[in-house]
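Student:
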Amino acid sequence: MKTKIKRLEAFSTGGGGGNIIRKIAVMLEEMNLSSAVGYTVIDTNKKSLAKTVSLFPEDIKPNVRHKKLGLGNGSGCDPNSARRDIEDEKTAGELLQTIEEDAFEAAPVFGTLGKGTATGTLLPLLKILRKARVMAFGVVVKCSQEYGEVEEAQDIAAEEAIKELDESGIPYILAMNRAAYIESEKNTGAKITREDAYGIIDKEIAHSLRAFLRVLADPDQADREDIRKLIYSGGNDGRKRWRLGTVELSKDFTEKDLTKAVRQCFENQRFDFDNSRIGGTLVIREGKFAAHEVAAMNLEMRSIVNGWGDGDKREVINTHYRLIEAEYPSINENNVNITFLFSEYNGDPDLESLPEIRWADEADGEEDRTIHEELEDLNREIQKQSARTRTNIPAQPHVVTNREAKSFKDLAAFVAALNLNNEAAREILGGGPEGLEFFNRPEVMKNLDNPIFLNAMKGPLAAWYDHVVRVLLEEKLQPIDGLYGPDGSENNFANHPRVSLDEALNKKGLHEKERKTILVLKFLFQFAPLDEQDETLAKFQWAETNGSSKTRASRWLPSLSNF
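Residue numbers (my numbering): 15 to 577.
1. Check residue 122 in the structure and name its three-state DSSP category.
2. Taking DSSP as the reference, what is the three-state secondary structure of residue 278?
3. Which runs of the beta strand (DSSP E) spanning at least 3 residues fall entirely within the region 200-225, listed in chain order?
4. What span of residues does the beta strand (DSSP E) with residue 306 cover, start to end?
5. Mind checking who residue 127 pairs with in its DSSP beta bridge?
6. Taking contact to mean at least 3 C-beta pairs separated by less than 8 Å, is the region 39-47 in contact with the region 136-145?
7. With distance defined between alpha-carbon atoms, name the residue in 273, 369, 298, 318 nearest to residue 288.
8. Out of curiosity, what's the CA-to-CA distance linking residue 179 and residue 348?
9. Buried or exposed for residue 107, going by 16 or more other Cβ atoms inside 10 Å?
10. Between residue 263 and chain C, is any beta-carbon pair separated by less than 8 Å?
11. Work out the CA separation of residue 276 and residue 357 for me, nearest whole Å.
12. What residue range does the beta strand (DSSP E) around residue 33 cover?
13. With the cut-off set at 8 Å, would you say residue 291 and residue 186 are in Cβ contact?
14. Taking buried to mean at least 16 other C-beta atoms within 10 Å of its own C-beta, is residue 40 buried or exposed?
15. Comparing C-alpha positions only, which one of 454, 245, 201 sits nearest to residue 423?
16. Using 10 angstroms around the beta-carbon of residue 444, count the other beta-carbons present and answer buried if the total reaches 16, otherwise exposed.
17. Rounded to a whole number of angstroms, what is the C-alpha to C-alpha distance between residue 475 and residue 539?
18. Look up residue 53 in the DSSP assignment and say whether it is helix, strand or coil.
19. If you check the beta carbons only, do residue 223 and residue 153 fall under 8 Å apart?
20. Using a Cβ-based criterion (distance less than 7 Å to any ligand heavy atom), does residue 548 qualify as near the ligand COA?
21. Express the C-alpha separation of residue 112 and residue 138 in angstroms, rounding to a whole number.
22. What is the residue span of the beta strand (DSSP E) that residue 374 lies within?
23. Taking residue 263 and residue 22 to be in contact with their CB atoms under 8 Å, please state how far apart those CB atoms are, rounded to whole angstroms.
24. Nearest to residue 494 by CA position, among 460, 430, 533, 486, is which residue?
25. Taking the C-alpha atoms as reference points, what is the distance between residue 482 and residue 119?
26. State buried or exposed for residue 225, treating a residue as buried only when at least 16 other CB atoms are found within 10 Å of its CB.
27. Kindly identify the DSSP beta-bridge partner or partners of residue 11.
28. What span of residues does the alpha helix (DSSP H) with residue 426 cover, start to end?
29. Between which two residues does the beta strand (DSSP E) holding residue 340 run?
30. Could you please give the first and the last residue of the uninterrupted alpha helix (DSSP H) stretch that includes residue 533?
31. Hey, how far is the Cα of residue 524 from the Cα of residue 535?
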């Protein structure tokens, strides 16, 4: 099996955000992108949370995890209550740790500024993701007081949340439910229902975001540096909103159709945007386009950016405008699609100081400028661990950090050198683990709590995942009393697996066999592909219970874990 790389994690907060993320999930599955995308649903209302998760299609549910904030009784229409829940030190720490342990690079955060949960949690969640060096951006829906969707107090709170988003410099898309009502009244003279308005805007978000999410899930068709700049150049104080638009054309389109489509995307009134402040613009073409057709689109785009009218021949230049292009095969043989993402300009950032992205498939190389600093932190942590007096935890093996080492006596020395980009280690990596004296069950088991080894598994050693699992399968697991065993989870373990495992690992008097089992389970929770976790666990043999040795047969539910 070739290990699949998850590049994108879609987050939702509150009930309205949950409705949108489900539509996004179905759409991305239809595009065969499920292996590159995960989903995290967050809510203050445990009933709403359970409903959102239950409504995901069954084949997507293994990719879904959820987090309940606070006591689970909802925000009580109080955004400040929801904000306190997510900014709670323990909750925020758990979220940050979970995000940092995952491998995704980008994260849209969906939320509807309605009763209170998203209003209070959306910006704090974006900040947590940014702290973890994730390319995070908001997808925000503003409900309409004018059309009776929210009360005045809720509308005021929503405006305050939008103001804070503007001041943060984090880019976001602001969809307006009000636009759906206005369009309906203009086109039919009738007022649509609240459910219809939500449906129109949710569908618009999914339709317009589809191509951009395709870029983030498969970034090699665009310049990665351009993607980073597009998302992070909003680091300046001051608002940075995006407007998107997607137009589907028949495959026999004309240049006139193309130029009309460009303007149609630009004038998409369902997203609030300052047309006079265009900065970077991403255009995504899906299908076959001739060079002269691309030129016609670019010319029309320049006329929009420069403010040219039909009879205006002045060459007014917007020096902040930057065109980013991406091309993909068409998703329908009878049509082509063009998508524009327009970005508001909010000042010239120092592009050299923008955060680096640790791309999931490049985390082992020089793309990550902070890797050596992280390694030093990991080495210090290992030294602390080796000084512990607990008798049931053996000291960590000495970590070799010599960049010039030519051979390695154990797995710990190899992964430490690999993280330092040691030439000999990288040559060994390319040849695979077969035949290596230090790649065996005792060595792998010894390093399951070695931070450097776990860090390497997120990057260069990801290619060895199958080999590591094959070695781990040689270990016979020991049932953990009251927690986990051959018949599956016990005492609500499936709802809090990581917390339960960490707590169990720190118990006094823990048997060494139990400790090893916990470390194996933690490894699988962290690195096994979601769609293979249950199958992988079923392959393990368990120590004798009631006179027999058996495999676990019941279904494991890590996808619904509460972090």
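Glycine residues also receive a C-beta, built at the ideal position from the N, C-alpha and C atoms.
Here the structure is a predicted model, which is why all the values come from computation and not from measurement.
Tutor: Inspection of the coordinates gives the following:
1. strand
2. helix
3. none
4. Taken as a continuous stretch (DSSP letters only), residue 306 belongs to no beta strand (DSSP E), being part of the alpha helix (DSSP H) at 305-319.
5. 156
6. no
7. 318
8. 40 Å
9. exposed
10. As a matter of chain content, chain C is missing from the structure shown, which is built from one protein chain.
11. 15 Å
12. From DSSP, residue 33 is part of no beta strand (DSSP E) but of the alpha helix (DSSP H) over 28-44.
13. no
14. exposed
15. 454
16. exposed
17. 17 Å
18. strand
19. yes
20. The ligand COA is not part of the structure shown, which contains no ligands of any sort.
21. 15 Å
22. Note, residue 374: premise wrong, no beta strand (DSSP E); not H, not E.
23. Actually they do not touch by this definition, with Cβ atoms about 27 Å apart.
24. 533
25. 24 Å
26. buried
27. With the chain represented from 15 up to 577, any question about residue 11 goes unanswered, as that position is not in the structure.
28. 425-433
29. 336-342
30. 526-541
31. 16 Å
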